[in-house]
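The structure under discussion appears below in the form of structure tokens.
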Amino acid sequence: MQPYKYKPPRVKTGDLRTPVVFYEYEANDGPLPGEKEKHVLYDAWTKVDNVWMKDIEIAKSNGTLSDITLTIRDPQAEFIPNNKHYVSIDTPEYKDKRYNVKHVQPDLQNHGFINVIASLVE
């Protein structure tokens with residue numbers, strides 16, 4: 620029988636140090652193309668992961684070099700992100716950058732969190 624060894628969780632609540640805002644856009648009024656921010660849907664604290672160095676060549680070939688992974692607490696039924704939502708990260712490094720949610724998945728190692736994969740909108 621294999622002995623039990625405690626493995627600490629990959630993400631802890633103390634790792635969520637970066638504020639993010641989820642919002643959606645709507646089309647501009649009038650004949651001109653474009654869109655404007657509609658309204659804020661959800662505010663959260665997150666852990667931001669960029670593309671890992673070991674995956675940098677794969678990311679370059681796929682064109683996903685600017686993708687980020689956000690780990691947030693699972694908001695249950697209060698808010699469910701989808702690919703129509705946008706994310707802004709409230710830090711100087713990500714100032715004036717807008718990310719579009721690409722994929723949302725539960726964190727299988729820790730069921731209290733979800734992973735949101737977002738790509739940079741140019």
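Start counting the sequence shown at 620; every next residue gets the next number (this note's numbering). Don't be surprised by glycine CBs; every beta carbon is placed ideally from N, CA and C.
- Contiguous beta strand (DSSP E) elements confined to the stretch 678-738 occur at 687-692, 705-708, 718-725, taking only those with 3 or more residues.
- Between GLN728 and VAL630, the alpha-carbon positions lie close to 9 Å from each other.
- TYR644 and ARG717 have their C-alpha atoms some 11 Å from each other.
- Counted as a single uninterrupted DSSP element, the beta strand (DSSP E) harbouring TYR642 occupies residues 637-646.
- By the 16-neighbour rule on beta-carbons within 10 angstroms, THR665 is buried.
- When rounded, the separation of the alpha-carbon atoms in LEU651 and THR632 is 44 Å.
- Approximately 6 Å separates the beta-carbon atoms of PHE732 and ASP693; this is inside 8 Å, confirming the contact.
- Closest option to LYS721, judged by alpha-carbon separation, among THR688, GLN695, ALA646, PHE698: THR688.
- Using a 10 angstroms sphere on the CB of ILE699, the tally of other CB atoms stays under 16, which defines it as exposed.
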